[in-house]
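Trainee:
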Amino acid sequence: MARITLRQLLDHAAEHGYGVPAFNINNMEQGLAIMEAARACDAPVIIQASRGARSYANDIMLAKMMEALTEIHPTIPLCIHQDHGNNEATCLSAIRHGFTSVMMDGSLMADAKTAASYDYNVAITERVARMAHWVGASVEGELGVLGSLETGQGEAEDGHGAEGALAHDQLLTDPDQAVDFVTATRVDALAIACGTSHGAYKFTRKPDGDILAMQVIEAIHEKLPNTHLVMHGSSSVPQELQDIINKYGGEMPQTFGVPVEEIERGIRHGVRKVNIDTDCRMAMAGQFRRVATQGPREFDPRKFLKPAMDALRDLCRDRFERFGTAGNASKIKVIAMDEMAKRYAAGKLDPQIATAKAA
Ligand code: G3H
Ligand code: 13P
Ligand code: ZN
Numbered sequence: 001m002a003r004i005t006l007r008q009l010l011d012h013a014a015e016h017g018y019g020v021p022a023f024n025i026n027n028m029e030q031g032l033a034i035m036e037a038a039r040a041c042d043a044p045v046i047i048q049a050s051r052g053a054r055s056y057a058n059d060i061m062l063a064k065m066m067e068a069l070t071e072i073h074p075t076i077p078l079c080i081h082q083d084h085g086n087n088e089a090t091c092l093s094a095i096r097h098g099f100t101s102v103m104m105d106g107s108l109m110a111d112a113k114t115a116a117s118y119d120y121n122v123a124i125t126e127r128v129a130r131m132a133h134w135v136g137a138s139v140e141g142e143l144g145v146l147g148s149l150e151t152g153q154g155e156a157e158d159g160h161g162a163e164g165a166l167a168h169d170q171l172l173t174d175p176d177q178a179v180d181f182v183t184a185t186r187v188d189a190l191a192i193a194c195g196t197s198h199g200a201y202k203f204t205r206k207p208d209g210d211i212l213a214m215q216v217i218e219a220i221h222e223k224l225p226n227t228h229l230v231m232h233g234s235s236s237v238p239q240e241l242q243d244i245i246n247k248y249g250g251e252m253p254q255t256f257g258v259p260v261e262e263i264e265r266g267i268r269h270g271v272r273k274v275n276i277d278t279d280c281r282m283a284m285a286g287q288f289r290r291v292a293t294q295g296p297r298e299f300d301p302r303k304f305l306k307p308a309m310d311a312l313r314d315l316c317r318d319r320f321e322r323f324g325t326a327g328n329a330s331k332i333k334v335i336a337m338d339e340m341a342k343r344y345a346a347g348k349l350d351p352q353i354a355t356a357k358a359a
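Numbering (the UniProt record's numbering), first residue to last: 1 to 359.
(1) Give the residues whose C-beta lies closer than 6 Å to at least one heavy atom of the ligand G3H, in chain order.
(2) Cβ of residue 156 versus every heavy atom of the ligand ZN: is any distance shorter than 8 Å?
(3) If you draw a straight line from the alpha carbon of residue 212 to that of residue 196, how long is it in whole angstroms?
(4) Who pairs with residue 79 in a beta bridge, going by DSSP?
(5) Would you call the segment 37-54 in contact with the segment 285-303, where contact means no fewer than 3 C-beta pairs closer than 8 Å?
(6) Kindly list the residues whose CB is nearer than 8 Å to the CB of residue 231, restricted to its own chain and excluding five residues on each side of it in sequence; keep chain order.
(7) For the segment 263-314, list the alpha helix (DSSP H) runs that are entirely contained and at least 4 residues long, ordered along the chain.
(8) Please find out if some non-hydrogen atom of the ligand ZN comes closer than 8 Å to the beta-carbon of residue 146.
(9) Entirely within the segment 158-193 and at least 3 residues each: give me those beta strand (DSSP E) ranges in chain order.
(10) With distances taken between CB atoms, is the gap from residue 235 to residue 277 smaller than 9 Å?
(11) State the CB to CB distance for the pair residue 125 and residue 70, rounded to an integer number of angstroms; the pair is presumed to be in contact (CB under 8 Å).
(12) Taking the DSSP output, what are the residues bridged to residue 21?
(13) With a 10 Å radius around its C-beta and 16 neighbouring C-beta atoms as the bar for buried, classify residue 160 as buried or exposed.
(14) So, under 8 Å CB-CB, residue 24 and residue 57 are touching, yes? Tell me the CB distance rounded to an integer number of Å.
(15) Have a look at 320, 241, 260 and flag the residue whose alpha-carbon is nearest the alpha-carbon of residue 290.
(16) Taking 8 Å as the cut-off, is the C-beta of residue 189 nearer than that to any heavy atom in the ligand ZN?
(17) Report the rounded CA-to-CA distance for residue 314 versus residue 37, giving the unit in angstroms.
(18) On the DSSP bridge assignment, give the partners of residue 221 in chain order.
(19) Could you tell me the alpha carbon to alpha carbon distance between residue 249 and residue 293, rounded to whole angstroms?
(20) Tell me the rounded alpha-carbon separation between residue 312 and residue 302.
(21) Can you give me the start and stop residues for the alpha helix (DSSP H) that residue 143 sits inside?
(22) Look at the alpha carbon of residue 98 and the alpha carbon of residue 85, and state the distance between them as a whole number of angstroms.
(23) For the ligand 13P, is there a heavy atom less than 8 Å away from the beta-carbon of residue 258?
(24) When DSSP labels each residue in this structure, what does residue 330 get in the three-state scheme?
(25) If I'm right that residue 166 touches residue 179 with Cβ under 8 Å, what's the distance once you round it to whole angstroms?
(26) Among 152, 332, 119, 19, whose alpha-carbon lies nearest the alpha-carbon of residue 202?
(27) Taking all protein chains shown into account, decide if residue 162 is buried (16 or more other Cβ within 10 angstroms of its Cβ) or exposed.
(28) Can residue 136 and residue 343 be called in contact, C-beta distance under 9 Å?
(29) Measuring only from the beta carbon, is residue 206 closer than 8 Å to any heavy atom that is part of the ligand 13P?
(30) Looking at residue 233 and the ligand 13P, is the gap between the Cβ and the nearest heavy atom below 8 Å?
(31) Looking at residue 275 and the ligand ZN, is the gap between the Cβ and the nearest heavy atom below 8 Å?
(32) For the ligand 13P, is there a heavy atom less than 8 Å away from the beta-carbon of residue 279?
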């Protein structure tokens, strides 16, 4: 049984200077492909499920699937994480279904559309962290609102993300406020806003520091050197995946994601969790389109899914290797959640703020 908490995994990543991709899943094929990539390069894994994934797949199906993945790959530490929890109920029901970690995204109200006040964010995140820590689960909070520095707009898409215009300072996490937030909420990891957004259409040109503010991450890391930072919206939207989709009938307009080298720079400055969903979707969708185009008589779903899984596996393996995750699975001795709960209760896992303040 290799179910690991986010806190233990990111503590290990920080100690050894690597980052961990967090891949979103909705179905068995994605789970199998990600775990196969991890097994091939000895990487620990974060698999995350959004609220949309939970309602698509059904909580029981997801829970049994995670159990099966740990049984198939007993040597790979697997963190099961709730992506963008919108309230206490979402986070607690995830833990009840075997998740070892939750994100309480209090940067938005529970409707996941309206930007929340700082006080609201602190209060709900602190509440969730207190409850999750009682049972040893980890908590990621978010400070700052995801959206585009190019357009000044939120990133409303598929019913998730801030709607309308956002002020420049809402789109960038403030380093001093980050110190205050981590101290007040006791989160295990902090998601920050630096100009990334969800989905494929992040930037209209290769991003520079004006629209992808990696310097903000560096400033936060200076103030919070022991806090694990999380980058959302970190798909790279590779040109080759855009080309495959468009070659086989897709009509994706030219777009740019977060270059992998910028993520590597973030990892050198405290980024430990890197959220990737869009790239995985594109890797699979490209193969669906290719098979449909090249084999118009094909109707066996496995003929579509197998190459899609292979493409996803290759993408995941590349990220495990580029982020330095590869080679670390076998070095981790997993601590059970009950033991983590005892450590929280004894104050041994307080936010690394004490060290940060002394620095
Ligand atoms: O948070 C964004 C992830 O890409 C999940 O997307 O809500 O469509 O599952 P989803
Ligand atoms: P992408 O859309 O860039 O893959 O981001 C995913 C994400 O941040 C999930 O929380
Ligand atoms: Zn996200």
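Note that the Cβ used here is the ideal one computed from N, Cα and C, for glycine as well.
Mentor: Inspection of the coordinates gives the following:
(1) Checking every Cβ against the heavy atoms of the ligand G3H under 6 Å gives 24, 50, 52, 53, 83, 84, 158, 160, 198, 277.
(2) no
(3) 7 Å
(4) Bridge partners of residue 79 according to DSSP: 46.
(5) no
(6) 191, 192, 194, 196, 217, 258, 263, 266, 271, 273, 274, 275
(7) 278-294
(8) yes
(9) 189-192
(10) Contact: yes.
(11) About 28 Å; that fails the 8 Å criterion.
(12) 274
(13) buried
(14) Not really, about 11 Å apart at Cβ, beyond 8 Å.
(15) 241
(16) no
(17) 7 Å
(18) Partner(s): none; residue 221 has no beta bridge.
(19) Cα to Cα, the separation comes out at about 8 Å.
(20) Their Cα atoms are separated by approximately 15 Å.
(21) Where residue 143 is concerned, there is no enclosing alpha helix (DSSP H), although the beta strand (DSSP E) it sits in stretches over 138-143.
(22) 15 Å
(23) At a threshold of 8 Å, residue 258 counts as near the ligand 13P, since its beta carbon sits closer than that to one of the ligand's heavy atoms.
(24) helix
(25) Not quite, the Cβ-Cβ distance comes to about 22 Å (not below 8 Å), so this is no contact.
(26) 152
(27) buried
(28) yes
(29) no
(30) Yes.
(31) At a threshold of 8 Å, residue 275 counts as near the ligand ZN, since its beta carbon sits closer than that to one of the ligand's heavy atoms.
(32) yes
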